[in-house]
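> Numbering (the UniProt record's numbering), first residue to last: 1 to 195.
(1) Expressed to the nearest angstrom, what Euclidean distance is found between the alpha-carbon atoms of residue 143 and residue 180?
(2) Do residue 12 and residue 117 come within 8 Å of each other at the CB atom, strictly closer than that value?
(3) Measuring only the C-alpha atoms, how far is residue 39 from residue 33?
(4) Per the contact definition of three or more C-beta pairs closer than 8 Å, is the stretch 9-28 in contact with the stretch 91-106?
(5) Check residue 46 in the structure and name its three-state DSSP category.
(6) For the ligand ADP, is there a heavy atom less than 7 Å away from the beta-carbon of residue 41?
(7) Taking the alpha-carbon of residue 23 as reference, which of 137, 5 and 98 has the nearest alpha-carbon?
(8) Got a sec? Which residues, its chain only, sit under 7 Å from residue 200 by beta carbon, not counting five neighbours each side?
(9) Give me the Cα-Cα distance between residue 138 and residue 131, rounded to the nearest whole angstrom.
(10) So what does DSSP say about residue 151, is it helix, strand or coil?
(11) Ordered along the chain, which non-local residues of its own chain (more than five positions away) have a Cβ less than 8 Å from that of residue 8?
(12) Return the CA-CA distance between residue 29 and residue 108, expressed in angstroms with no decimal places.
(13) Report yes if the C-beta distance between residue 110 and residue 31 is below 8 Å; otherwise report no.
(14) To the nearest angstrom, how far is it from the Cα of residue 151 to the Cα of residue 140?
(15) Within 10 angstroms of its Cβ, does residue 27 collect 16 or more other Cβ (buried), or is it exposed?
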């Protein structure tokens, strides 16, 4: 029982470590994804700026495409402004990730304690059920013994009889009957041999 309890505790700690490790890995993956998205956005902005056409080279340019490029540049400028805001959000999201990791660790610990309490409660309930069953079996046995005693047929004519001597006399009679049967078998064999 102590070994199994120790094994259960080791398994519980192992599961807790695995949960914590998964939570940290998840937070790290989320941070890495956010960093990659920020890098991709910065590359897109740089590519759009590099694609800007300088003014002396505007001969023969399709102005519809120029206007769409202009709107794209305006969007990139707006996203650049947002990107500076996003830097603070990334920092706050990193703090949020650490906070979320701490919260998840606390939640895991609460869940572990809750499961431990449930296990203890189940063990106590199981022990109580087992004790109740044993008590009921003892009561049933006592009732059966009492019923058998109550069902005994009173035999006033057997008062004062020594049952031990009676049984020994019975076995002596059976032995004498058996020896008489053997003698009668021996007599029949002698008679048949004379004939």
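Glycine is no exception: its CB is placed at the ideal position from the N, C-alpha and C atoms.
If we stick to the structure as given:
(1) 48 Å
(2) no
(3) 10 Å
(4) yes
(5) helix
(6) This structure does not include the ligand ADP; it has no bound ligands of any sort.
(7) 98
(8) In the structure as shown, the chain begins at 1 and stops at 195. Residue 200 is therefore absent and cannot be evaluated.
(9) 10 Å
(10) coil
(11) 119
(12) 20 Å
(13) no
(14) 16 Å
(15) buried
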